[in-house]
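Here my numbering = 1-based position in the sequence shown + 1277. The beta carbon of each residue, even a glycine, is placed where N, CA and C say it ideally should be. First comes the structure, then the notes that go with it.
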Amino acid sequence: MNPYILSLLFFGLFLGTSITVSSSHWLLAWMGLEINTLAIIPLMAQNHHPRAIEATTKYFLTQATAAATLLFASVTNAWLTGQWDISLMTHPVPTTMIILALSLKLGLAPLHTWLPEVLQGLSLTTGLILSTWQKLAPFALLLQIPTPHQDLLIFIGLTSTLVGGWGGLNQTQLRKILAYSSIAHLGWMLLIMQFAPSLTLLALLTYLVMTTATFLTLKNNNATSINTLATSWTKAPLLTAITPLPLLSLGGLPPMTGFMPKWLILQELTKQQFPMTAVLAALTALLSLYFYLRLCYAMTLTMSPNNLAGTSLWRLPSLQTSLLLSTSALTAILILPLTPAITTLMNL
């Protein structure tokens, strides 16, 4: 793609997210979401492959449906209460509709079915943008909405953690596994959103770092399925040795960074007198941990088959920049000892 057009599309992504994050009026927020959607669609369709075009069409239809529902709900709220302000949502009906519309935009269960299919049709770079940057604007709106009934958010959060763990168990395509991983992590954030918004932001930041590290590792190895992970040793032995750590961090194992938000979320849920919710969320985390362990096993403990189709590749020098990969991988592994300092900063 022409670098000028690429720069314009990235500027559109940045502008749309910035408008939505900084707005307090529903029309401005809706406009920012639309700019965001229109900017990423050419990036998704640049491959000119039937799978990419199919994924782009599915993404456009779901985002257009969510945006139309959001606009309808905000107009209904203005009609019922006379308020366009995001933080002054008082009527339960438009508030529920907006929460469901933003859940559809994010790919939260039970409105999640488009996300694995769309992510499977994209390149790893575009998939990274869809799994990280595109989550920021809807999350900023969810954080600003006062929720009159907490049961809806807890239901969506628990369903997402369960579907995210259950759905990834029998997958062999890495992009679909990462899609279900995204659904599960967003479910954890939604569980705690009404009780501790700062903790939601912390979980979102750690998710962004860990997902970036995983996507960039797969891109470096040019891996799209579990079978291709077995040839990683010949391409990048050092990277292959380190990769299980960010994967286990995504699963929430100590002493990696991913354990910190899960630990703090379970602690906060218990404090808020939701012990059963905390237990269910912890049990669903075991489902996710299984397929992360499966990826680690395929990558580090198996050898590629000794036949013509599985011949080890030449170890050519990689031409990809590795600064972002190394930074995100180290951050995904080493931040847990800073938990006391981070909690102190969140409580200031």
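Output the boundary residues of the alpha helix (DSSP H) element that contains residue i.
i     : result
W1510 : 1509 to 1512
M1470 : Unbroken run through M1470: none, as it is neither H nor E.
L1546 : 1536 to 1548
W1361 : W1361 -> no alpha helix (DSSP H), and no H or E assigned at all.
T1620 : 1616 to 1624
M1278 : First-last for M1278: undefined, no H or E at that position.
P1319 : 1303 to 1321
P1393 : 1391 to 1397
Q1421 : 1413 to 1421
A1555 : 1552 to 1577
W1443 : 1427 to 1444
S1273 : Residue 1273 falls outside the range modelled here, since the chain spans only 1278 to 1625, and no answer is possible.
P1523 : 1521 to 1528
T1402 : 1401 to 1408
Out of curiosity, what's the CA-to-CA distance linking residue i and residue j?
i     : j     : result
A1332 : V1298 : 26 Å
F1349 : P1371 : 8 Å
M1533 : P1523 : 8 Å
L1407 : A1473 : 26 Å
P1617 : S1400 : 38 Å
L1388 : I1376 : 11 Å
Q1550 : L1413 : 29 Å
V1352 : I1610 : 45 Å
P1369 : I1363 : 14 Å
Q1323 : Y1281 : 14 Å
N1504 : H1325 : 26 Å
S1526 : H1462 : 12 Å
V1440 : G1529 : 17 Å
L1478 : T1346 : 25 Å
I1318 : N1499 : 23 Å
L1310 : L1429 : 23 Å
T1294 : W1410 : 8 Å
Pull up the CB-CB distance for residue i and residue j, whole angstroms please, since I reckon it's below 8 Å.
i     : j     : result
P1423 : M1366 : 6 Å
P1538 : T1577 : Not quite, the Cβ-Cβ distance comes to about 25 Å (not below 8 Å), so this is no contact.
Q1397 : K1335 : Q1397 to K1335, Cβ: 10 Å. No contact.
I1460 : S1437 : 5 Å
I1542 : L1476 : 6 Å
I1433 : L1385 : 5 Å
A1316 : G1289 : 3 Å
T1554 : L1435 : 7 Å
S1565 : G1445 : 7 Å
L1516 : N1497 : 6 Å
With DSSP as the reference, please indicate the residues paired to residue i in a beta bridge.
i     : result
S1502 : Q1450
Could you check what DSSP says for residue i in three-state terms: helix, strand or coil?
i     : result
H1462 : helix
S1374 : Contrary to the premise, residue 1374 reads as Met rather than Ser in this sequence. It is helical.
A1343 : helix
M1533 : coil
P1387 : coil
S1300 : coil
T1489 : helix
N1324 : coil
T1424 : coil
Within 8 Å of any Cβ in chain B, is that where the Cβ of residue i sits?
i     : result
F1536 : Looking for chain B here will not work: only one protein chain is present.
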